[in-house]
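Protein chains in written order, with this note's numbering: chain R, 6 to 336; chain P, 6 to 336.
2 protein chains.
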Amino acid sequence: MFQKATLKNISAQLSISISTVSRALKNHPDISPETKKRVTDLAKLIEYEPNGHAVSLRTSNSRVMAIMVPEISNYFYHSFISSVEEEARKTGYTIIILQSADDHEIETENLRLCRLNRIAGIFVCPSASNTNLSAFLKLEEYGIQVIFFDKVPDYEACNKVSLADASAASLAADVIQKKKKKKILGLFGKTNLSITQRRLKVFEDRFPKTDRNTTLYIEHVHSSDDAEKTASKYLSKRSLVDTIFCMSDEILTGVMKAINKKNLKIPDKVSIITISNGFMPTLYFPQITYVETSGYKLGKLAFSRMISCLNGGSFKQEVFANAVLIEGGSI
Amino acid sequence: MFQKATLKNISAQLSISISTVSRALKNHPDISPETKKRVTDLAKLIEYEPNGHAVSLRTSNSRVMAIMVPEISNYFYHSFISSVEEEARKTGYTIIILQSADDHEIETENLRLCRLNRIAGIFVCPSASNTNLSAFLKLEEYGIQVIFFDKVPDYEACNKVSLADASAASLAADVIQKKKKKKILGLFGKTNLSITQRRLKVFEDRFPKTDRNTTLYIEHVHSSDDAEKTASKYLSKRSLVDTIFCMSDEILTGVMKAINKKNLKIPDKVSIITISNGFMPTLYFPQITYVETSGYKLGKLAFSRMISCLNGGSFKQEVFANAVLIEGGSI
DNA sequence: ATCAATTTCGCAAACGTTTGCGGAAACCTT
DNA sequence: AAGGTTTCCGCAAACGTTTGCGAAATTGAT
């Protein structure tokens, strides 16, 4: 017969009170060594595990954190998730994951679930459509910590961890200038994203129109296919560009298709440099030189922020994960 | 002042009993329409949400499922996760994520967490090192459903959902034969994996050594780099092979590097066909023809199995997600 | 031997629900 | 008017913990 492993059960078998068992298991000084031993031995024998729900109910804090992203199937997000999960496991937290599908309704419904489950905190990359933070701020009334990451809102009084977009773009620009490239095609994402704006600004500053030596063509693309078409257009004109800068992995894949289609040699015919989360650039030959903005690092950073917030010892702030150049052979 | 939204609170404000409030909120027939309205109105006003932990404690079943994979950062796994999460949300379940890092200790520790949290069920892709199922079977004593996916154990009496490995390989073989390819290099993964064995067997059957018209070279590789080296070796010998079959995405990426390095034209110089989860093959030009074994589909399948198990109406069995050919231009 | 200090433990309430059961009131029957 | 139904609601126990407080038992000091 299967007997449930509970404090009550142990207390009955040892004819001591439940409270004594509870204290014995947490090594409370009030309990004598002998009693502790009897309790822990039996607990081990019947494989006692505290009931998480009872504990959470009693203590009103669960060791659970949530991560909400627009979609999981994205190398950046799941490297972030993976990273946070790693830390969480070490510190005895479990992670629940939520997809918003970039849908505001799903997003708020997910937040409801978080309240319902009385989670300790949530990491969230808000959906693009969402401008209304009230649902998030309400979480804080419940004592649930909120850490925004990646696409962080402009609103000041919240915790944010984000990539050092400006310095990442700056690193890429450094390389381009050091290699004395003169005719650059910069492929950027959607204009309205802050990430795009920050990266674009760096390039515009570093390669000003007034500089007669170098020319920078700027194009905004909104998909991999789009990037392929645009790159193809530029590459068709003989020696119009000598370098292509891609703002993201998605853009890079499109560009690489265009290059493979035309069978252009990298970096002889055209140089490539990209900003990436770290996987895509290694798929090609030669491997693409890229500035790494790692979801992994961001995850670690976010987690440590979460812990400080949980301990109450931290005020609202924005912190950045720095970027690093990974040299390939593409420029 | 922040007042907690609980049944007790509502009952006090309306001077009715807690049980009445509880029943009113679940639309129990015992409660009169007027009372129901009073309760639901107030509940909405103070934004009442049932405390998940209290509910789980009382009913001893939480609406939480877990997914454990060796690592999240893998296209197949996270398409699986994403797929399951989607269904879970629709049915009011939440998903917790666990990584085993292919480490048996972490794996059992994770299972402990599952018991502790009294989850409803778990989807698990066991770590490769693990041959001992006892920890999983113990979960069932706790009433926790276990569904193995992808790398399922041989053990009979458990629920498994897996990819139709044999038919996937068979589909690929069909294409190779239809295209009248004669000199085939088949690159397979680690020998001890059942997935490798099943796929390999199909190829050995379909291209028997006795057939003097076609030759099949079989190699086992254990990483992307390994695949690159091996492919490179074969490709160096002029017209030794006309077709390369890759068992997985990982292998494909290695092979493609080798091909790009030698700047061989696909499919003129060499044809490629692979089994894939659906993303990698689209990265190249021409896109690689592949047999799709989708984590997404497998997720849907696994979830529906989970639900049947939860409803108690199902016996242990293994089911398969079928494979489908996606034509690219690589063969 | 007396009293105080210490060690060791148990009582009981609380966390927020769910649910079987029983009971009061109101409503039909005949 | 008596008995039988039906409608509506509350009591109380239970889920498995944690924890403040008090009390018994032991120890030590004088």
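Heads up, the beta-carbon is just placed ideally off N, CA and C, and yes, glycines get one too.
Bear in mind the structure is a predicted one, so any value in this text is a computation, not a measurement.
C-alpha of alanine 71 of chain R to C-alpha of isoleucine 102 of chain R: approximately 6 Å in a straight line.
With its beta carbon less than 8 Å from one in chain P, lysine 266 of chain R belongs to the interface. Legend: CB atoms of the stretch 49-60 of chain P lying less than 9 Å from CB atoms of chain R belong to residues Glu52, Glu54, Pro55, Asn56, Gly57, His58, Ala59 and Val60. A direct Cα-to-Cα measurement between valine 44 of chain R and serine 105 of chain P gives close to 31 Å. DSSP, reduced to helix, strand and coil, places asparagine 56 of chain P outside both helices and strands of the structure shown, so it counts as coil. Cα atoms of isoleucine 181 of chain R and proline 286 of chain R: separation of roughly 17 Å, rounded to the nearest angstrom. Judged by their CB atoms, asparagine 122 of chain P and glycine 57 of chain R are nearer to each other than the 8 Å cut-off. Using a Cβ-Cβ distance cut-off of 8 Å, the stretch 295-306 of chain P and the stretch 272-282 of chain P are in contact, since at least three pairs of beta carbons, one from each stretch, lie closer than that value.
With its beta carbon at least 8 Å from every one in chain R, glutamate 332 of chain P lies outside the interface. Note on geometry: alpha-carbon atoms of glutamate 146 of chain P and aspartate 107 of chain R lie some 39 Å from one another. Taken atom to atom, the span from the alpha-carbon of threonine 40 of chain P to that of cysteine 163 of chain R is near 41 Å. Of the other Cβ atoms in all chains shown, 16 or more fall within 10 Å of the Cβ of glutamine 150 of chain P; this residue is therefore buried. When rounded, the separation of the alpha-carbon atoms in leucine 269 of chain R and valine 275 of chain R is 7 Å. For alanine 140 of chain R, no pairing in a beta bridge is given by DSSP. The beta carbon of leucine 47 of chain P sits closer than 6 Å to those of Ile15, all from its chain and outside the five residues before and after it, given in chain order. Rounded to the nearest whole angstrom, the C-alpha separation of glutamate 224 of chain R and threonine 196 of chain R is 10 Å. With the rule of 3 Cβ pairs closer than 8 Å, the stretch 210-217 of chain R does not count as touching the stretch 309-317 of chain R. The Cβ of histidine 83 of chain P sits closer than 8 Å to at least one Cβ of chain R.
Closest option to leucine 138 of chain R, judged by alpha-carbon separation, among R:Pro158, R:Pro75, R:Ala17 and R:Cys119: R:Pro158.
Fewer than three pairs of CB atoms, one per stretch, sit closer than 8 Å, so the stretch 87-102 of chain R makes no contact with the stretch 25-38 of chain R. Considered as a whole, the stretch 71-106 of chain R harbours 80-95 as its complete alpha helix (DSSP H) runs of no fewer than 4 residues, in chain order. In the three-state reduction of the DSSP assignment, isoleucine 293 of chain R falls in the coil class, being assigned neither a helical nor a strand state. Sequence-ordered contacts of the stretch 130-151 of chain P with chain R read Glu146 [C-beta pairs closer than 7 Å].
Glycine 334 of chain P carries a coil assignment under DSSP once its states are collapsed to helix, strand and coil.
For the set P:Leu221, P:Gly333 and P:Glu112, the Cα lying nearest the Cα of leucine 245 of chain P is the one of P:Leu221. At a beta-carbon threshold of 7 Å, the residues of chain R lying near lysine 262 of chain P are Phe290, ordered along the chain. The Cβ atoms of isoleucine 277 of chain P and leucine 190 of chain P do not sit closer than 8 Å to each other. Assignment of valine 157 of chain R by DSSP, reduced to helix, strand and coil, places it in the coil class. Within the stretch 209-233 of chain P, the complete beta strand (DSSP E) runs of at least 3 residues fall at 220-225. Residues of chain R with a Cβ closer than 9 Å to the Cβ of serine 299 of chain P do not exist, since the nearest Cβ in that chain sits about 12 Å away. Using a CB distance cut-off of 8 Å, leucine 221 of chain R does not count as an interface residue toward chain P. In terms of Cβ geometry, lysine 266 of chain R and phenylalanine 290 of chain P form a close pair [threshold 8 Å]. Cβ proximity to chain P below 9 Å picks out Thr99, Ile100, Ile101, Ile102, Leu103, Gln104, Ala106 and Ile111 from the stretch 98-112 of chain R. Inter-residue distance for arginine 204 of chain R and serine 253 of chain R is about 11 Å (C-alpha atoms, whole angstroms). Any Cβ of chain P closer than 8 Å to the Cβ of glutamate 90 of chain R would place that residue at the interface, and such an atom is present.
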